[in-house]
DNA sequence: CGATCGTTTGATTACGTTCAATCGTTGTGG
DNA sequence: CCACAACGATTGAACGTAATCAAACGATCG
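Chains as they are written, first to last, in my numbering: chain A, 90 to 317; chain B, 90 to 317.
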């Protein structure tokens, strides 16, 4: 692993909580692997025996239906860990993971991790915090699916990519629109139309870059029940 | 606590994993409390300092919107624990909890629990397993909201209450239909209509008891994309 | 007995899907 | 180098599902 990779690694909350020494003991030379765009990392139903950290690139987590349809549940970016908790249950991944862009991904072996937790129990707190954060995000997603319209969900997605709280902002869409659409629970056609509706709220789309005229105005739109 | 209460307690996976001794150390005489129907257990945004086990009754977990609207995210029954993971994150409950029926609920103090985990690290595995199970359920719920129709979601809900895999079955609806509707992400009116549509698949509703003519047939209905 | 609450039913509207065609960009092979 | 496929994105028209507004129904409780 390069120094750059290590710096990404140690910025992740889970490994920061572990400390440098423990992290080093869990990370072997052959721990990181490159994945091509579209390559699968694990499949729903596989025995869950590891957790992952994205060094570079991004990963979609999705459920596979019998029909072959994919339902995207989360999209993770560089610096984020995923699949932390699955290994502690029955032992099967409840979803599949696939690289959305060319990625470098670190794999932490489950057995080694469990062993380390027994020796360093405070590590369990970091694991539980990570799981708790994912729970919170899923709660938010469920809330959005249940009560927010398609344009509102898009607005929320955009605002999450923005750091400022008011005034203008520019956002670069991080991946294909069809993927974002799936993640937000709508068809690509609906996504396109819903996005167009945001024009009246000062959102200008051009290619994969989005300009928001006033972040505060868009934020306000996400809160109203009657979107007009 | 009565012997009955102890037996419920020790059947819960989390406490079974703890063992009798540790459980006893965490459970004080004044640990259980009765809640009236509609009484709140904790509120979204409150400092998360405890986890709960339902000895008797049931509890809804919901997000509160600024508008005052409630979005039900999960409903727990007797024997189940909830809010295990929240205390390990920032420290605020990401949702509110309220007793749906008169309930007896056991409260486990967060600080005591954290202390115990440090002494008995294998307890962390049980906590992580509990969190993992909730994660899985939320994933399933998201999938359902995204790709299943209202009648299908109702069918799935009914089938979860049933033990047999084929043939006829009877289900007693465990709480108000409006609550189930909210949990499934629809309005009470839509719930009523969607339920009526299930008649053609051998589902007969009468008051709060439901008769399923053939469980296998209804299961098949939940899998199809074109519901006819 | 009348009030209230939960549920159902009816009519209408709004939203997102579906199917289909088009457009623009990218990339490839002749 | 250009032509043409291939893909992602957009647009259009028709459809279906669930939401909304409103009323009626039935059971329960005071």
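All residues carry an ideal CB built from backbone N, CA and C; glycine is no exception.
Note that the structure is predicted; figures quoted are calculated from it, not measured.
{"Asked": "Chain A contact residues for residue 292 (chain B), given Cβ-Cβ distances below 9 Å", "Found": "The premise fails here: residue 292 (chain B) is roughly 22 Å from chain A at the closest Cβ pair, so nothing lies under 9 Å."}
{"Asked": "Close Cβ partners of residue 220 (chain B) (< 8 Å) along its chain, the five nearest in sequence each way excluded", "Found": "173, 174"}
{"Asked": "For residue 230 (chain A), three-class secondary structure by DSSP", "Found": "helix"}
{"Asked": "Within-8 Å CB hit, residue 364 (chain B) to chain A", "Found": "This structure does not reach residue 364 (chain B), given that chain B is present from 90 up to 317, and the question cannot be answered."}
{"Asked": "Cutoff 6 Å; reference residue 312 (chain B); Cβ partners in own chain excluding five residues on either side", "Found": "none"}
{"Asked": "Helix, strand or coil at residue 91 (chain B) [DSSP, three-state]", "Found": "coil"}
{"Asked": "Validate contact between the stretch 238 to 250 of chain B and the stretch 188 to 202 of chain A using beta carbons, cut 8 Å, 3 pairs", "Found": "no"}
{"Asked": "Residue 208 (chain B): first and last residue of the uninterrupted alpha helix (DSSP H) it sits in", "Found": "199 to 208"}
{"Asked": "For residue 191 (chain A), the three-state DSSP class (helix, strand or coil)", "Found": "coil"}
{"Asked": "CB contact check: residue 216 (chain B) to chain A, cutoff 8 Å", "Found": "yes"}
{"Asked": "Status (buried if at least 16 other CB within 10 Å, exposed otherwise) for residue 247 (chain B)", "Found": "buried"}
{"Asked": "Rounded separation between residue 100 (chain A) and residue 209 (chain A) - CA only", "Found": "20 Å"}
{"Asked": "From B:263, B:161, B:289, B:310, residue whose alpha carbon lies closest to that of residue 297 (chain B)", "Found": "B:263"}
{"Asked": "Rounded C-alpha distance that separates residue 199 (chain B) from residue 207 (chain B)", "Found": "13 Å"}
{"Asked": "is_contact[residue 230 (chain A), chain B] using C-beta, thresh 8 Å", "Found": "yes"}
{"Asked": "Whole-angstrom C-beta distance between residue 256 (chain A) and residue 304 (chain A), which should lie under 8 Å", "Found": "6 Å"}
{"Asked": "Rounded straight-line distance, which links the Cα of residue 229 (chain B) to that of residue 253 (chain B)", "Found": "21 Å"}
{"Asked": "Contact set for residue 306 (chain A): own chain, Cβ-Cβ below 7 Å, skip 5 residues either direction", "Found": "290, 291"}
{"Asked": "Integer Cβ distance of residue 97 (chain B) from residue 144 (chain B), believed to fall under 8 Å", "Found": "5 Å"}
{"Asked": "Residue 185 (chain B), DSSP secondary structure in three states", "Found": "strand"}
{"Asked": "Residue from A:135, A:211, A:278, A:152 whose Cα sits closest to the Cα of residue 103 (chain A)", "Found": "A:211"}
{"Asked": "Whole-angstrom distance between residue 140 (chain A) and residue 179 (chain A), CA atom to CA atom", "Found": "15 Å"}
{"Asked": "Residues of the stretch 183 to 199 of chain B with Cβ closer than 7 Å to any Cβ of chain A, in chain order", "Found": "183, 184"}
{"Asked": "Rounded Cβ spacing between residue 244 (chain A) and residue 287 (chain A) (contact assumed at less than 8 Å)", "Found": "6 Å"}
{"Asked": "Interface flag, residue 262 (chain B) vs chain A, CB-CB below 8 Å", "Found": "no"}
{"Asked": "Beta-carbon proximity of residue 223 (chain A) to residue 224 (chain B), cut-off 8 Å", "Found": "yes"}
{"Asked": "Beta-carbon proximity of residue 314 (chain A) to residue 156 (chain B), cut-off 8 Å", "Found": "yes"}
{"Asked": "Residues bridged to residue 300 (chain B) [DSSP beta-bridge criterion]", "Found": "B:259, B:293"}
{"Asked": "Neighbourhood of residue 308 (chain A) by C-beta, 7 Å cutoff - its chain only, sequence neighbours within 5 removed", "Found": "248"}
{"Asked": "is_contact[residue 202 (chain A), chain B] using C-beta, thresh 8 Å", "Found": "no"}
{"Asked": "Chain-ordered neighbours of residue 310 (chain A) on chain B, where CB pairs are closer than 7 Å", "Found": "Simply none; closest approach about 13 Å."}
{"Asked": "Residue 233 (chain A) classed as buried or exposed, judged by whether at least 16 other C-beta atoms fall within 10 angstroms", "Found": "buried"}
{"Asked": "Neighbourhood of residue 112 (chain B) by C-beta, 8 Å cutoff - its chain only, sequence neighbours within 5 removed", "Found": "98, 99, 104"}
{"Asked": "Distance between residue 176 (chain B) and residue 215 (chain A) (C-alpha atoms, nearest Å)", "Found": "11 Å"}
{"Asked": "Chain-ordered neighbours of residue 160 (chain B) on chain A, where CB pairs are closer than 7 Å", "Found": "232, 235, 236"}
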